[in-house]
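Read the structure below first, then the notes.
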Amino acid sequence: MNSLFHSNVINFIFKNPNNEKHFKRAIILTIISLLMITFLNAEIHVPYSKSLIKEDFNHMDDFVCVFPDDSSSAPLATDAWLWHDGKNLFIEWKAEIDDKFYKGKFAQKDQFVNADYLVFQLITDVNNYYSYMFFAFPRGSKMDAIRKSDLDYDTEWNSTYDYRNIISDDLWECTMKIPFDNLRFFGNPPYRWKIILNRWFLHYNETYAVPYVTFNMNKDYFRNAEDIIIKKEISNSNNYRFKPYFTLEYDLKTKTGEFDLDNFGMDFSFDPSFSSKFKLSINPDFLDVPLDSEEDIYNLRYAPTFKENRYFFIEDLDVFGVGGYSSETIFYSRHIMQPKYALKLTKSAEKYSYGFLSAQDKKVVSNGKVTNPDDFYNLAAYKHKSDRFEMQFTFLNRMNTNYHNEVLHLEPNWEFFDNHSIWSTVNLSYRDSLSKNSSGYYALIGYKGNKGDLGWSGNLTRISNNYTPDMGWNRETNVYQMNLNLWQNVEPNKKLIKDYGWYLWWYRESRNVQNQMLDNYAGANLWLSTQPKIDFWTSLKAGEEGYADNVYDWYRFSAGIEFYRLDWLYIEISYGRWNTLVYNLKDVYTSDGLDVDIKLDINRYSSLNFEISDRLFHDFPDTTKLDDKYLICNAKLELNLFNKISLTTGLRYNNYEYEDQKKHVGVFSNFRWQFRPECNIYLGHKLSTDELNNRFVADYEIVYLKLNYLF
């Protein structure tokens, strides 16, 4: 509207050049219009105050619909004001609500709640394309995250933010408090940052934002965020944090329980500045981490990997350059089974970042044989960064007596045009052991681009024969890999179809010698999301695989439906038919699969998650001992009382038979009481059993008590 107004004024000038009265009036109107444009496009001023300030300069209210992307105004008024007191950033929300407002349930920290919610996103490093995310839910549970450059978000980052709700029949008032010492930033005042505000209406299945930013913008999502300015210097609190903990563990299988120094540990952190962090964990403990979910590992060519669920090894991986594409090939943190200690130092500045991580594993001896060595793991990293170019250097080392392994990781990334990037990865490895010495390399070059809602990427990789990243998990050596991808996500601006999209890809992997083919396949995914909250998807891929000196043709087809029309219920059902190479039989067999995923909010205090997968192989030879029908199940029941007290009980089950084993059952329960912020008492039980020779035998069964306290 401002541009149109300005254009009309200019036209008025040229149409009346000889009319002095009109000309003077036009000049005045031009000046006024320029002032209006300057004012309306000005950054949000965040004032210093000990209490709420409501002025136009710190106010935001122009929420528009970004999903579906029709730019319509929010159906209910939503206002926000920002201010700070030198130690905390405050956001005051006032959001009108109606009879469709859904409060959801109580929940533990970092657990997503199916409800209406508010999100505040803060960008303190405008050159590195990430934002801090702070959620507010009607029942008061907390969830914080980092939105990464690929626009996905990671909830493993933690802060000490807080908020207070006041909810009446027609208004939701929410006051957020975000400590500055939770954030990474640099430079001197005035601090020029960016923000994005979001409001989600669950019943209407719509997201509104201010300013107007959508995921189709890719990195422009961050560039187009609203500018804010903080003029007063933010004081550094040094942010010392000391959290000792104590554990008691009793083995119900062996009827033993030890009490020694291993029952004690501590976490210590110190932030020398807002841009640097130091963390030290002595004898870190993960007793309260639940059992890994059961996965379909029945017919795998390569040993499976499992997602890391220990916070220490997840946080700040981006600083080390091992959290992105092909990261598993150089650093797989679950190699570190039971660390004696783990320390980490990281710093992120405007033009560079660096980090250092070190850990030593505990030696585990079983029946006189070392099953887990007490290896040292070390990472040192440095990244140079600018608006368009990044260069990552990472040195990885794993060592023990008479053994060491090193990998040098280099990764340049150049965005040569908006949302068009080329990058390369070079890993140089060296292993020195009593048996032999070896060196090798991993080299990749890739390109990614997009225009509007259409995106594409491709990469070419070569891995040498003697590539040995012992801190990582590399499937194959002596191979070439090629990968091409093309995708589109469309929001048609219609009430019935919310969005739809497709994804095409092609992949080939072959030996460097004689071009021996290992994998060659292509595939397509299609999906459709509807406003009535019933979504559909389908996937088809087919190709050939080289195995045991033969080449096998295969295909996989699957289709599914998601139903979430009821605010308290989510159901996904999918069916698949696959023509799969069974490695133990060295032949291709047809199989069927049915998957069901149910998430149910029973009431405001409890919820149930249930996943079941049924698999059936056809025409197995009568002589084989391989199981041709099996079931996998994961279930979890949660009880949460006012977000402070929770009880989680879970089941892990599979019945695929292997030699004498017929079934596996895992059960866990964990009671948590947060008696003050970040101070918890845990009481739990874990049981893992296998059915061997028609009777269940416990692999292990423990009960535990854990107490941690933050000073």
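So the number in our numbering is just where the residue sits in the sequence shown, counting from 1, plus 240.
We put the CB at the ideal spot given by N, CA and C, even for glycine.
Computed from a prediction, not measured in an experiment: that's the story for all the values here.
Check	Outcome
Burial state of Y369 (16 or more Cβ within 10 Å)	buried
CB of G689 within 8 Å of CB of N706, strictly	no
Pairwise C-alpha distance: D507 and R481	8 Å
T364, DSSP secondary structure in three states	coil
Top-ranked residue by Cα proximity to Y594, from P613, K623, K603 and I576	K623
Where P512 falls, given that 16 or more other Cβ within 10 Å makes a residue buried	exposed
V719 beta carbon less than 8 Å from that of L758	yes
Whole-Å CB distance - R379 paired with K345, under 8 Å assumed	6 Å
M577 burial status per 10 Å Cβ neighbour count (16 or more: buried)	exposed
Cβ contact check for the stretch 900 to 914 and the stretch 876 to 889: 3 or more pairs under 8 Å	yes
Buried versus exposed call for L597 [16 or more other C-beta atoms within 10 Å across all chains shown]	buried
Opening and closing residue of the beta strand (DSSP E) in which D319 lies	T318 to H324
Beta-carbon proximity of E534 to N894, cut-off 8 Å	yes
Helix, strand or coil at V905 according to DSSP, with G and I counted as helix	strand
Sub-8 Å separation of P419 and K327 beta-carbons	yes
Continuous alpha helix (DSSP H) stretch holding D460: start and end	D460 to R463
Where H858 falls: helix, strand or coil (DSSP)	coil
K519 to F504 span [Cα, whole Å]	17 Å
C-alpha distance - Y870 paired with F860, whole-angstrom precision	14 Å
Separation of E413 from H246, as counted between CA atoms	In this prediction, H246 has a pLDDT of 41, which is less than 50 and means its spatial position is unreliable; nothing more can be read from the coordinates.
E413 - containing beta strand (DSSP E), residue span	L411 to P419
One or two residues paired with Y431 in a DSSP bridge	I470
Length of the line joining the Cα atoms of L726 and Y743	6 Å
For N941, the residue or residues it bridges with in DSSP	Checking the sequence, you will find Glu at residue 941 rather than Asn. Note: E941 sits in a beta bridge opposite L927.
For D296, the three-state DSSP class (helix, strand or coil)	helix
CA-to-CA distance, Y490 to K946, given in whole angstroms	12 Å
Beta-ladder partner(s) of S661, from DSSP	E655 and K688
Neighbourhood of I272 by C-beta distance below 8 Å, restricted to the same chain and skipping five residues each side	Confidence at I272 is low in this model, with a pLDDT of 48, below 50, so the placement of that residue is unreliable and no value is reported for it.
DSSP three-state assignment for F514, whether helix, strand or coil	coil
Limits of the unbroken beta strand (DSSP E) element including N729	V719 to V730
DSSP-derived helix/strand/coil call for L229	Only positions 241 to 951 of the chain appear in this structure, which leaves residue 229 out of reach.
Nonlocal neighbours in the same chain, by C-beta distance under 6 Å from S516, ignoring five residues either side	K587
For W794 and V836, believed in contact at Cβ under 8 Å, the rounded distance	So it is not a contact: roughly 25 Å between Cβ atoms.
Cα-Cα separation between K382 and K676, rounded to whole angstroms	52 Å
N- and C-terminal bounds of the beta strand (DSSP E) containing S371	S371 to A376
Inter-stretch contact at 8 Å, needing at least 3 Cβ pairs: the stretch 764 to 774 / the stretch 330 to 342	no
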